[in-house]
Amino acid sequence: MRAAVLAAWTASPARFREDANAEEDFALGGYRDRLIVELAQNAADAALRAGVPGVLRLTLRDGVLTAANTGAPLDATGVEGLSTLRVSGKRDEAGAAGRFGVGFAAIVSVCDEPMIGSRESGFVRWSRAETADLVASVPALSAELTSRSGHVPLLRLPFPADPVDVPDGFDTLVRLPLRDRAAADAVRQMLTETSPALLLGLPALSSIEIDLDGDTRTVAADGWHEVSDSGTFTPEEIARLFANRPTEERARPFWSIRWAVPVTGPSGEPDGFPKAVPQVVHAPTPSDEPLDLPALLIASFPMATDRRHVAKGPLTDFLVDKAADVYVRLLRELPRTPKLLDLVPALMGKGELDARIRRAILERLPEVPLLPALSPPPPAVQTPTFQDAAVYEPDAEWKVEHPVDEPDADGWVVRGREASVVAGSAELLAVLAGFVPGLLPAGWPARHPAMNALGVRRVELADVVDLLSGEAVEGRDPAWWRSLYEVLPADDPESLGALPVPLSDGRLVRGPRGTLILTGAQLDLEALGLRIVHPEAAHPLLLRLGGAEATPRTVLEDPMTRAAVAESLESADPEPVARAVLSLVQAATLAPGELPWLADLALRGTDGELYPAGELLLGDGALAGLLEQGTHFGVAAQELEDEYGARVLEAVGVLDGFAVVNDSDVLLDHDDCDHDLDGEDDWLDHVHDLLPDLELPPVVAEFSAVRDLELVADWEGALRLLTRPPLRAVLQPLRVQGVEVPSYTAWWLGNHPVLGGRRPRELRLPGADPLLQGLYADAPDGLDEAALGMIGVRTTLAELLSSHGGPEELLDLMADQEISVDRAQLRALWIALAGVDPSRVAPPSKVRAVLGGDIVVADAEDVVVVEAPDLLQLVVSRPLVLASYDLAESLSELLDLPLAGEVAPGEVTSEGVERPVPAEVRSLLPTAPETYVEHDKLLVDGMACAWRYFEGAVHCSGPDGLARGLAWATGQWADRLAVAALLRDPTAVPLLLAEADLS
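In terms of my numbering, the sequence shown is residues 2 to 1000.
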């Protein structure tokens, strides 16, 4: 062999170059990291030829890799195949893994002195150094060797080798001294990554023993479920499928497909795909074609020239379809558990071949009986063509329904398109199996992506509820419905909103909302038309879904009860409704006013007529004797009171006392605030008058008012009720936008003659502010004074003036000729009125004033407000408003009256003599002026006057005038009488000072 190869190289140095380049291409390209794979492949083929279990032992120690295997020994054909490229000696061996004749080139990347041999046939070796020496001895090759820097092919010239010990139990040994540390590290990595996938691709090899520097492990293909198929191509198939394949491949007309998945436990369920196993297509050894499925594919795909990728073409297309068929068989053989879904591929693959295999599998799966079911699939319905009919009818539409197959020993197995999945417990699914065809058992995840790929119909809980209708549930007893409620999930109330509910009257209604579950004593409520759940179907789930526990209170609050009450007056037979409602009120111990709408309940009066309960009075009730004759009120029939009691009748609106209207969040607007109360619009206007200007109507959080006040005849008795709790609370003022306003009831009472024929605003509390004496009559005794104050009875002058319209009311009273006011009271009233904002008062036409020494009522145009005492002499003939001089301007503005100084100029028209002020005066008036002007007869505006303080000087005629002028000029008007006494008798000064000290 050496001589022949050297001769060929000598004859054609280009052949030497070709062999060197080809070996280098395979060693550094397609087979650079395939050393362990190729050693295993050769071991598998040897075991296959010998018909023995294949075992491979790989040992790496001291930089030497040895591979011992069982099987047929190395022979001359084998040596020839190892020493050539692309000339395999296994081409006629069916089932052999090696088929290209280049795999042994993988050793070139790590070794320069390989050796192989068998115990029975001897050993052969190759040497890069010896090959280089032989090539160098051939002159014709020296130039080529020089151009390659001495690099020669390693595996073309075999050399004889001395025998080497083959380990016991093995037949053949490969010894590879590794080139360097990098080569040793690469081999170590390849040994570490060796996985069961290698054995699954080489079924003739049963195990691989790996010894890494004394640490040993055994790789075996245990725990895998395999499904395979194989065949031989016919000549026609060879011609069609191998048209673009090399000649020697056509000489191997075999195909094979094997799928393997890891399984676990006695059930053989699929397990997670091992991370150590590369997820690539094996053909039969690993390729670079990604396959991102949790299963291992070993197939006889044609490989491209790089030996790493599958070649395209009809042969690959054929094997893709076969791989899909075998994969479907694999799924059918595995246990029918939810883990099966993890083996259903998604549509997107990591490569073209991966995607094609996935598509082929997904095309088949929906039609494969693969999934277990609790119920039979729906019957197959076929619409034949007219060709299938005995008589052609072009307009006919007819269908053929094929019966469902009987279940096998394990139950029904359905196709994906026939299956349905519902997320729920096993108990729920057991109940639903009779409604949902092809229903998958519990544990099959409804939202697993594989469900869509298989064509499984996902039935949502709301869809399940829709199925519970018609013939499917006809005849189901209430206990069955309770068993269904027991297993339905309560955490999805929206989906269960239309859940059917059996009622006690035999109806089946949609939706628990509005249904009632009776508890406690049974009442005759049929007249109310309520949706009461059948006792045998009652379940807590219905309460969570909107049903209500049917206590007497909840039954009363049910909309149907309210509708029955509202329609009772128009009902042909209102008595059953009245009995049902009254018995509910009695059982619920309802308080009056809790459910105001009960006042619409039709009840019999003593006259036999029907009345709304709110228009009936208790025969011996407090209100019956207070109202006018001939009102619209009736008196409740005595038998009703005898059977149910006065409290029950009051609770439905029959009146014992006054009825109270209650409302919340009331908009104080004429459209919104409408409670059918007498004078309600006028009250609203009054409230708005008290409030500042607002862009939007204000809101009152709580509104309460007594109605029917306009019908009262006996106000003495009525006020005893209204001024005591609980009705007293409705008199309390409201606070709106920070302003206190009267309640409707207080306002109405304050504006009507309810106190002895007089309006409360015309009266004052007995013993109230004495300044109101004579202005107001006293209110009757015996009523709550605080309540009287809330309805307008006057309490104090300050309260009167602060109330809306109070100042004008006081001015009107003061101008009333029939009312007597003494001088001190009048002065106090004017002082109080001076503090009122003029904008709150319209100027009066009549004014209470002082004329001479009398109190009179005068026309406003005649009245003067006096602001200084020296002007009194000038206006003494006119009615005067007299108060503290410092309030004169305020009163003038308030009453729109002139000041005295505005009607009398006060000019001094006589001549006098300037004289010094007596020194002793300064003991009382320290700031008295130095001089004054003495007149024999003081004339002011032509009138004789006693004194005048004019233009900064005191003018007078006599000691009394001087005393008044000096006291006014110094701002000590209160000391005028003491100064006059001093001027008359200067010796009295010590006594006067002592008296002043005591004041």
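In this text, a Cβ means the ideal position worked out from N, Cα and C, and glycines have one as well.
Glu121 carries a coil assignment under DSSP once its states are collapsed to helix, strand and coil.
Under the 8 Å Cβ criterion, the stretch 889-896 does not count as touching the stretch 913-921, having fewer than three qualifying pairs. Judged by DSSP in its simplified three-state form, Val822 adopts coil rather than helix or strand.
Arg545 counts as exposed, since fewer than 16 other beta carbons sit within 10 angstroms of its beta carbon. Counting other Cβ atoms within 10 Å of its Cβ, Pro767 stays below 16 and is therefore classed as exposed. Asp493 and Ala424 have their C-alpha atoms roughly 12 Å apart. With 16 or more other CB atoms across the displayed protein chains lying within 10 angstroms of its CB, Phe302 is buried. When DSSP states are grouped into helix, strand and coil, Gln639 belongs to the helix group. The shortest CA-to-CA distance from Pro930 to any of Thr971, Phe951, Arg721 and His936 is the one to Thr971. Proximity of the stretch 649-656 to the stretch 582-600 meets the contact definition, three or more beta-carbon pairs being nearer than 8 Å.
DSSP places Thr173 in the strand class (E or B) of the three-state scheme. According to the DSSP assignment, Pro613 belongs to the beta strand (DSSP E) that extends over Leu611 to Pro613. For the set Arg357, Pro450, Glu763 and Arg360, the Cα lying nearest the Cα of Pro339 is the one of Pro450.
Residue pairing by DSSP places Gly606 opposite Ala637 in a beta bridge. If one requires a minimum length of 3 residues, the beta strand (DSSP E) runs lying completely within the stretch 913-997 are 914-917, 932-935, 948-951 and 954-957, in chain order. According to DSSP, residue pairing for Phe234 in a beta bridge does not occur. The DSSP-derived three-state label of Val848 is strand.
Rounded to whole angstroms, the Cβ separation of Ile792 and Leu710 is 11 Å, and the two are not in contact under 8 Å. Boundaries of the beta strand (DSSP E) around Glu741: Val740 to Val742. The alpha-carbon of Leu712 is positioned some 12 Å away from that of Leu678.
Counting of Cβ neighbours within 10 angstroms places His152 among the exposed residues, the total staying below 16. As DSSP reads the structure, Pro373 sits in a beta bridge with Val414.
The beta carbon of Val866 sits closer than 6 Å to the beta carbons of Val882, Ala889, Leu892, Ser893, Leu898 and Leu900 from its chain, once the five residues preceding and following it are set aside; these are given in chain order. For a cut-off of 8 Å, the C-beta gap from Pro377 to Leu363 is around 25 Å, too long to register as a contact. Within the same chain, Gly417, Ala420 and Val422 come within 6 Å of Val457 by CB-CB distance, once the 5 residues on both sides are set aside. The beta carbon of Arg50 sits closer than 6 Å to those of Ala73, all from its chain and outside the five residues before and after it, given in chain order. Just measuring C-alpha positions, the residue of Pro577, Val586 and Val262 sitting nearest Arg605 is Pro577. The alpha-carbon of Tyr886 is positioned some 32 Å away from that of Arg762. Around the C-beta of Trp260, 16 or more other C-beta atoms lie within 10 Å, and the residue is accordingly described as buried. In this structure, Ala995 sits away from Val980, with a CB-CB distance that is not shorter than 7 Å. Nearest to Leu509 by alpha-carbon distance, out of Ala982, Phe659, Leu531 and Leu628, is Leu531.
For Met349, the secondary structure class from DSSP, reduced to helix, strand or coil, is coil. When the alpha-carbon of Pro115 is set against those of Glu19, Trp598, Gly350 and Pro154, the nearest one is in Pro154.
Inter-residue distance for Val136 and Arg62 is about 33 Å (C-alpha atoms, whole angstroms).
The residue among Phe255, Trp256, Leu297 and Asp467 with its C-alpha nearest the C-alpha of Pro271 is Leu297.
Ranked by how close their Cα comes to the Cα of Gly609, the residues Val636, Tyr328 and Ile211 have Val636 in first place.
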